[in-house]
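Enquirer: After the structure tokens below, expect a handful of questions from me.
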Amino acid sequence: MLQKKAPQQRQDPFKALTDTLRAKHGVPWRGAVLEDRRVDYFRGKDLIAYFKDHPAKIGNFVNQSKPQDEQVIELAEVLLRKGLLVKGNRMFKKPKPGKKRLSKWPKKLVPVRELTFTEDAFYAWTYDRPASPWLWLGSGLLILVVIGFCLFPLAPNKVKLGVVYCSASLLILIVSTIVVRALLAAVTWISLGKSLWIFPNLLSDEAGLTEAFWPLVSFEEPEEGKETHWVYRAAVGGGLLASCWLVYSYAPDKGAVRDEVSRAHDQFMEYLNLHDTGREKLAGNVTEGLQQNQTQHEQSAHSSAGEPPEQEL
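Those letters in the sequence shown? Residues 8 to 320, by my numbering.
See below:
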């Protein structure tokens with residue numbers, strides 16, 4: 008007789024809910040270190056905002072007769088008791104030197120041994136995030152990049168030149184973007200008292216890869232009551248103009264700069280053995296070595312035959 012198949016084990020609905028919170032369109036989350044372990048975490052206020060936008064996600068997990076905020080608190084405490092989440096707090100309570108405010112997303116957390124939910128706390132998932140296809144794809148691409156770096160010395164010169172010029176172009180683009188956004192912010196601050204930033208999150212420690220390039224433009228206005236007086240801004244602008252004039256006045260002439268850049272370019276290309284001069288030197292050395300070997304061979308042949316070697320005219 009055929010045995011009946013055992014029914015498939017159903018997934019814990021609370022575990023499925025925490026997976027939904029961790030999905031692409033779930034709560035905003037970041038990575039941090041919690042007791043020497045890498046974890047993903049979110050903020051309590053973001054959880055409340057998420058369930059306000061998606062009230063149907065609460066479902067029948069809690070008593071529906073309560074107000075929505077109380078439902079979220081009760082549901083979060085259930086997840087804490089089930090061990091799917093752990094409560095945490097900042098390791099460092101004061102801003103870093105040179106910064107005026109605490110980071111919105113701290114890099115290090117300490118666990119809080121309590122099962123109550125508060126908006127100002129942080130909550131980390133207690134299990135690892137399932138590997139996505141993008142993770143496997145990224146791992147494979149990383150392996151290919153490492154292999155490509157190892158095979159770079161064996162690549163044709165055209166490939167090497169392409170890699171070098173693409174890398175240099177990318178570096179120039181990054182530096183130019185940083186310089187332009189700083190100049191634009193300085194000019195708008197001096198003239199308007201508020202800064203216009205291109206890619207405002209580009210250098211932020213809290214922004215991810217995609218968030219670093221969004222929004223494209225934003226105005227940073229001073230806090231109320233802390234506006235900078237126009238006299239101070241005019242003095243700063245005058246100092247910047249004077250500095251630019253001094254740099255321009257004492258800068259070397261264009262010909263010297265062009266020659267120095269060309270010399271540095273040639274040295275770098277020769278270091279990578281990609282310069283035409285370097286290849287010509289290498290070809291000349293090989294040809295000279297072959298000629299010397301041929302001359303020595305002819306001299307040894309004449310010596311063995313008892314004939315004096317031919318004298319060059």
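Ideal Cβ placement from N, Cα and C applies to all residues, glycine included.
Quick check: what's the CA-CA separation for T235 versus K94?
Expert: Cα-Cα distance, rounded: 41 Å.
Enquirer: Count the other CB atoms within 10 Å of the CB of V153; is the residue buried (16 or more) or exposed (fewer)?
Expert: Per the 10 Å Cβ criterion, exposed.
Enquirer: Kindly provide the ranges of any alpha helix (DSSP H) runs that are 4 or more residues long and lie completely inside the region 16 to 61, ordered along the chain.
Expert: Those alpha helix (DSSP H) runs which fall completely within the region 16 to 61 and span 4+ residues are 20 to 29 and 51 to 60.
Enquirer: Would you tell me roughly how many angstroms separate the C-alpha atoms of A290 and Q274, rounded to the nearest one?
Expert: Model confidence at A290 stands at a pLDDT of 48, short of 50, so the residue's coordinates are unreliable; what they give is reported in the following sentence. Their backbone Cα atoms lie some 18 Å apart in a straight line.
Enquirer: Would you list the one or two residues that DSSP bridges to A131?
Expert: Answer is Y48 and V93.
Enquirer: Under the three-state reduction of DSSP, which class applies to S225: helix, strand or coil?
Expert: Residue state, collapsed to three classes: strand.
Enquirer: Pick from I197, L210 and C251: whose alpha carbon is nearest that of P229?
Expert: Cα-wise, what sits closest to P229 is I197.
Enquirer: I'd like the ranges of any alpha helix (DSSP H) spanning at least 4 consecutive residues and lying wholly in the region 228 to 257.
Expert: Runs of the alpha helix (DSSP H) inside the region 228 to 257: 237 to 256.
Enquirer: Kindly indicate which three-state DSSP category S110 falls into: helix, strand or coil?
Expert: Three-state result, S110: coil.
Enquirer: Relative to the alpha-carbon of T125, which residue among L54, Q18, A241 and V171 has its alpha-carbon at the smallest distance?
Expert: That would be L54, whose Cα lies nearest to the Cα of T125.
Enquirer: Pairs of beta-carbons, one from the region 40 to 56 and one from the region 110 to 126, closer than 8 Å: are there three or more?
Expert: Judged by Cβ distances under 8 Å, the region 40 to 56 makes contact with the region 110 to 126, as three or more pairs qualify.
Enquirer: Which residues does DSSP list as the beta-bridge partners of P118?
Expert: Answer by DSSP bridge pairing, in chain order: G95.
Enquirer: Can you list, in chain order, the residues of its chain whose CB lies under 8 Å from that of V254, leaving out five sequence neighbours each side?
Expert: Correct list: empty, nothing qualifies.
Enquirer: Compare the Cα-Cα distances from R50 to each of C173, D19 and S110 and report the closest residue.
Expert: Answer by Cα proximity: S110.
Enquirer: Measure the C-alpha to C-alpha separation of R240 and V268 and round it to an integer number of angstroms.
Expert: Spanning the two alpha carbons is a distance of roughly 36 Å.
Enquirer: Can you round the beta-carbon distance between F29 and W143 to whole angstroms, since I take them to be within the 8 Å contact cut?
Expert: Reading off the sequence shown, one finds Arg at residue 29, where the question assumed Phe. About 18 Å; that fails the 8 Å criterion.
Enquirer: Within a Cβ cutoff of 6 Å, which residues of the same chain sit near I80, ignoring the five residues on either side of it in sequence?
Expert: For I80, where only same-chain residues beyond five positions count, the Cβ hits under 6 Å are F124.
Enquirer: With the cut-off set at 7 Å, would you say K89 and F159 are in Cβ contact?
Expert: Result no, Cβ atoms of K89 and F159 do not sit closer than 7 Å.
Enquirer: Can you give the Cα-Cα distance for Y7 and A271, rounded to whole angstroms?
Expert: Since the first residue of the chain shown is 8 and the last is 320, residue 7 is not available in this structure.
Enquirer: Where K201 and L191 are concerned, what is the direct C-alpha to C-alpha distance, given to the nearest angstrom?
Expert: Those two C-alpha atoms are separated by around 11 Å.
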